[in-house]
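Notes for the one structure printed next.
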Amino acid sequence: MSHGQAPRGSAEPLDTVYDVALLDLDGVVYLGGTAIPGAAEALRKADAAGMRLAYVTNNAFRTPAAIAALLTSFGVPATQEDVVTSAQAAARLLAERLPAGARVLVIGGSGLRMALRERGLRPVSTAADQPLAVVQGYSPDVSYSMLAEGGLAVAAGALFVASNGDLTLPSKRGRQPGNGSLIQVVATATGVRPLVAGKPEPPLHTESVLRTGARHPLVVGDRLDTDIEAAHRVGADSLLVLTGVTGPAEAVLAPPTQRPTYLAEDLAGLLEPHPGITETEAGFGCGGWTARLDGDRLDLAGGGQRIDGLRALCAAAWSAASGETSVQGVQAESLHAAIERLGGTS
């Protein structure tokens with residue numbers, strides 16, 4: 445994967461270029477428990493074109509079977525074998541470091557316990573069981589007593605593993621504390637930082653590749669700091685969709701390690717060729733748009749599809765020689781004006 449300075453073009457639809465799509469869920473396939481419009485249809489078409497679909501989630505609470513059932517209720521093609529969770533990645537990480545049958549104290553729910561059993565490990569609930577490791581994943585039922593037992597075990601020398609480090613969890617009421625916030629309790633009490641299995645750390649991607657047999661995977665996500673950065677860390681190509689957390693302005697300001705290979709409005713981007721970026725003296729062009737970075741000022745001219753304008757803007761902003769510092773230094777007023785101009789297009 446090249447850390448190139450512009451979104452890449454593809455003459456062929458992405459569902460024929462890549463063998464497996466490693467899809468994030470919340471913000472990509474559904475949002476807050478509601479299917480994103482057009483997502484199921486796009487995934488059915490990608491599946492029919494021969495692309496394998498794997499659903500890769502930092503959520504360690506639900507089991508793969510429960511996640512697959514939710515997806516199929518939306519009309520998305522999915523079986524439990526297509527779902528890869530951070531609980532499974534954490535269980536593999538532990539199994540590689542512990543003897544078979546080792547006791548592991550669980551701070552979390554059934555998804556973690558099931559994943560541990562599948563790896564031949566024994567879930568326990570108290571420090572008195574003398575576990576060799578503690579694994580923590582999000583569950584709405586995490587209690588003080590669970591955290592206290594985990595802290596006692598880690599303080600006694602148990603290996604500390606977290607399913608994921610997401611600080612927040614999206615909900616209909618707004619962002620709520622995620623596993624990354626909850627692990628701070630044990631980490632602060634013991635002074636021990638956990639090994640993290642979920643995105644953007646490599647173990648979850650490794651688990652996904654092993655389970656799918658992917659040779660040329662495409663990571664698909666809505667978050668720069670988890671999905672896209674994870675792809676960079678393992679050298680995979682990525683597609684950023686704008687149906688979740690990341691908006692156009694955040695994409696333009698993405699630091700080098702969080703820049704996607706491709707950009708799309710939604711999952712229909714899997715089914716289409718992607719136009720390349722042209723560079724001329726006038727600036728960076730895509731579709732009917734031309735973007736130019738002049739010092740710290742970002743200018744956008746032309747018209748056409750919004751996503752093409754965003755591709756041109758990203759190419760111009762990312763071309764800054766000094767990378768992250770220069771991009772973050774883009775004049776806010778000019779960026780706002782460019783994004784506003786995009787908003788009035790189809």
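Each residue of the sequence shown is one higher than the one before, counting from 445 in the numbering used here.
For glycine and all other residues, C-beta sits at the position ideal for the given N, C-alpha and C.
Grouping DSSP H, G and I as helix and E and B as strand, with all else coil, what is GLN702?
Counted from its first residue, the sequence shown places residue 702 at position 258. GLN702 falls in the helix class under three-state DSSP.
In three-state terms, what does DSSP make of GLU768?
Translated into positions along the sequence shown, residue 768 becomes position 324. In this prediction, GLU768 has a pLDDT of 44, which is less than 50 and means its spatial position is unreliable; what the coordinates show is noted afterwards. Of the three classes helix, strand and coil, the one that applies to GLU768 here is helix, per DSSP.
From LEU648 to PRO508, what distance separates their C-alpha atoms?
Against the sequence shown, residue 648 aligns to sequence position 204. Against the sequence shown, residue 508 aligns to sequence position 64. If I take the Cα positions, the gap works out to 14 Å.
Going by Cα to Cα distance, which pick from GLY595, ALA600, GLU593, GLY555 is closest to PRO584?
Indexing the sequence shown from 1 puts residue 584 at position 140. When each option's Cα is compared against that of PRO584, the closest is GLY555.
Determine, using beta-carbon pairs with one atom in the segment 480-498 and one in the segment 776-789, whether at least three such pairs fall under 8 Å.
Output reads no: the segment 776-789 does not touch the segment 480-498.
Taking the straight line between their C-alpha atoms, what separation do you get for PRO575 and ALA599?
For the purposes of this step, residue 575 is taken as residue 131 along the sequence shown, with counting starting at 1. For the purposes of this step, residue 599 is taken as residue 155 along the sequence shown, with counting starting at 1. Cα-Cα distance, rounded: 12 Å.
When you compare only the Cα positions, how much space is there between GLY477 and ASP738?
Position 33 of the sequence shown holds residue 477. Position 294 of the sequence shown holds residue 738. When rounded, the distance between both Cα atoms is 43 Å.
Measuring only the C-alpha atoms, how far is GLY767 from PRO451?
Mapped onto the sequence shown, residue 767 falls at position 323. Mapped onto the sequence shown, residue 451 falls at position 7. Note on GLY767: pLDDT 46, under 50, position unreliable in the model; the coordinate value appears next. Each residue's Cα considered, the two are about 15 Å apart.
Spell out the partners DSSP gives GLU723 in its beta bridges.
To locate residue 723, count along the sequence shown from 1; it is residue 279. Note: GLU723 sits in a beta bridge opposite PHE728.
Just to confirm, is the Cβ distance from ALA695 to LEU707 under 8 Å?
Along the sequence shown, read from residue 1 onward, the residue named residue 695 stands at position 251. Along the sequence shown, read from residue 1 onward, the residue named residue 707 stands at position 263. Going by C-beta atoms, ALA695 is nearer than 8 Å to LEU707.
Along the chain, where does the alpha helix (DSSP H) that runs through ILE511 open and close?
If you number the sequence shown from 1, residue 511 lands on position 67. Here the alpha helix (DSSP H) through ILE511 covers 508-517.
With a CB to CB cut of under 8 Å and the five nearest residues on each side skipped, what residues in its chain are close to ALA534?
Residue 534 sits at position 90 when you count from the first residue of the sequence shown. Counting only Cβ-Cβ distances below 8 Å, and skipping sequence neighbours, we find ALA504, LEU556, ALA559, VAL579, GLY581, VAL605, ALA606, SER607, ALA641, GLY642, PRO647.
Starting from ALA577 and walking both ways along the beta strand (DSSP E), at which residues does that stretch end?
Sequence index remark: in the sequence shown, residue 577 carries index 133 (1-based). Start and end: 577-580.
Residues in its own chain within less than 7 Å of ARG488 by CB, not counting five upstream and five downstream?
In the sequence shown, residue 488 corresponds to position 44, counting from 1. So the list reads PRO521, once near-sequence residues are dropped.
In chain order, what residues of the same chain have a beta carbon less than 8 Å from the beta carbon of ASP669, not counting five sequence neighbours either side?
As a first step, residue 669 is located in the sequence shown; it is residue number 225 there, counting from the start. Excluding residues within five positions, the ones whose Cβ falls inside 8 Å are PRO644, GLN702.
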